[in-house]
Ligand SMILES: Cc1cc2nc3c(=O)[nH]c(=O)nc-3n(C[C@H](O)[C@H](O)[C@H](O)COP(=O)(O)OP(=O)(O)OC[C@H]3O[C@@H](n4cnc5c(N)ncnc54)[C@H](O)[C@@H]3O)c2cc1C
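Residue numbers (the working numbering): 1 to 357.
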């Protein structure tokens, strides 16, 4: 490992404001969202073009210095933790949507594009990008590709791997490859699928072709309270066994309910041990028929009387297409959940309390 030689090469090529070396500059890059682990890189390179990423990877290869690609650093498992004295290649500035083709329903994006920005850009065409990790407001498509990220909608739509049609990547030895294409039908082995979920170990994704879906015409959401977590879990099995395929399904346990109530007063029943949120989406006629079916399934489960109605079909109560529970849940509650997960992982607290927020 010849770090000093590499740094000299990088200094010749990049201005100091894009080659961060001072401890105060590199500190924000020393860990990801799993803050229990830290490592100081020799430098952080803020890339602005694909060509720059390729150059840095090739130099790292030549000098045998390890590098870690970094999107927004929201990995909860140390994925973007630097290697001590290695290089961090920060990709946030590669945040251009290069092409959005509504006829083909694809978007070609750079790796630093924020997940939610793809759906925002596609919205005017009635399209959206389905994989929805809870961090989608901030995490990047490059990070999603590396972690094959998913969210509440994966049951119906699958993970990131099901929505990446192709990608251009630079491999660790500097070779640039094009995997997959612009359609679901590819010839030969599924190398795109092999790359997605490889946690950054196979190379750096430079350009990603994403599949877009038409936005559902109708949403219907049910929120049901349960006396036990097991009861809510059984209800999930009953919903799936009934043949329904909800667009999204989530359970909140008592701690998550407590945290959400303390933070945002979402109106969840505090005496419930668990909440089940089920959302149907699709064409209007189909969703209405499935909604009636879903209500019967939930009524047949152990849904608890809490606080007074047995369940709250919010789609009905709150008007057409209402998505109130998911909107509430999507916000602070998820962040609180992650914070609890982080605290637990760090071993700093055994139980989250509102006063420690
Ligand atoms: C509040 C919160 C909620 C979350 N919810 C979810 C969730 O619902 N579902 C879920 O799956 N995850 C979730 N996560 C985890 C995390 O957000 C995802 O894994 C996300 O995909 C990481 O994206 P990022 O841009 O932050 O990547 P980073 O953390 O920067 O990097 C993650 C990994 O990707 C690699 N990488 C980054 N860019 C590239 C690239 N261009 N090419 C190759 N490798 C690359 C990195 O080296 C690293 O290994 C959550 C995290 C937080 C903090």
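Glycine included, every Cβ here is placed at the ideal spot set by N, Cα and C. Note that this is a predicted model, so its numbers are computed, not measured.
{"Asked": "Leaving out the 5 sequence neighbours to the left and right, which residues in its chain are closer than 7 Å to residue 287 when beta-carbon positions are compared?", "Found": "218, 220, 280, 281"}
{"Asked": "Determine contact between the region 122-132 and the region 176-194, defined as no fewer than three beta-carbon pairs at a distance below 8 Å.", "Found": "no"}
{"Asked": "What residue from 187, 31, 154 has the CA that sits closest to residue 166's CA?", "Found": "187"}
{"Asked": "Taking C-beta to C-beta, are residue 276 and residue 235 nearer than 7 Å?", "Found": "yes"}
{"Asked": "Just to confirm my understanding: we take residue 224, look at its own chain, exclude 5 residues before and 5 after, and list those with CB closer than 6 Å. What are they?", "Found": "276, 298, 303, 311"}
{"Asked": "Near residue 5, what residues of its chain come up, given a Cβ to Cβ distance below 6 Å and the 5 sequence neighbours on each side ignored?", "Found": "63"}
{"Asked": "Could you tell me the alpha carbon to alpha carbon distance between residue 180 and residue 143, rounded to whole angstroms?", "Found": "19 Å"}
{"Asked": "The alpha helix (DSSP H) that contains residue 143, what's its start and end?", "Found": "141-147"}
{"Asked": "For residue 219, which residues does DSSP report across the bridge?", "Found": "281"}
{"Asked": "Per DSSP, what kind of secondary structure is residue 6 in: helix, strand or coil?", "Found": "helix"}
{"Asked": "Straight-line CA distance for residue 94 to residue 292?", "Found": "46 Å"}
{"Asked": "Any chance you could list the beta strand (DSSP E) runs of at least 3 consecutive residues sitting entirely within the region 7-92, in chain order?", "Found": "43-46, 67-70, 87-90"}
{"Asked": "May I ask you to check if the CB of residue 70 is nearer than 6 Å to at least one heavy atom of ligand 1?", "Found": "yes"}
{"Asked": "Can you tell me whether residue 96 is helix, strand or coil according to DSSP?", "Found": "coil"}
{"Asked": "What does a CB cutoff of less than 7 Å around residue 138 pick up in its chain, not counting 5 residues either side in sequence?", "Found": "72, 74, 114"}
{"Asked": "Taking contact to mean 3 or more Cβ pairs, one atom from each stretch, closer than 8 Å, check whether the region 150-169 and the region 32-42 are in contact.", "Found": "no"}
{"Asked": "Provide the residue(s) that pair with residue 251 in DSSP beta bridges, ordered along the chain.", "Found": "276"}
{"Asked": "Just to confirm, does residue 278 get its C-beta within under 6 Å of one of the non-hydrogen atoms of ligand 1?", "Found": "no"}
{"Asked": "Would you be able to state if there are at least three C-beta pairs under 8 Å between the region 198-209 and the region 247-264?", "Found": "no"}
{"Asked": "Is it true that the region 100-115 meets the region 79-88, where meeting means three or more beta-carbon pairs spaced less than 8 Å apart?", "Found": "no"}
{"Asked": "Can you tell me whether residue 49 is buried or exposed? The criterion is at least 16 other CB atoms within 10 Å of its CB, across all chains shown.", "Found": "exposed"}
{"Asked": "Along the chain, where does the alpha helix (DSSP H) that runs through residue 238 open and close?", "Found": "229-241"}
{"Asked": "Just to confirm, does residue 140 get its C-beta within under 6 Å of one of the non-hydrogen atoms of ligand 1?", "Found": "yes"}
{"Asked": "What is the C-beta distance between residue 89 and residue 27, in whole angstroms, given that I count them as a contact (C-beta under 8 Å)?", "Found": "The pair is not a contact, with the Cβ atoms about 17 Å apart (cut-off 8 Å)."}
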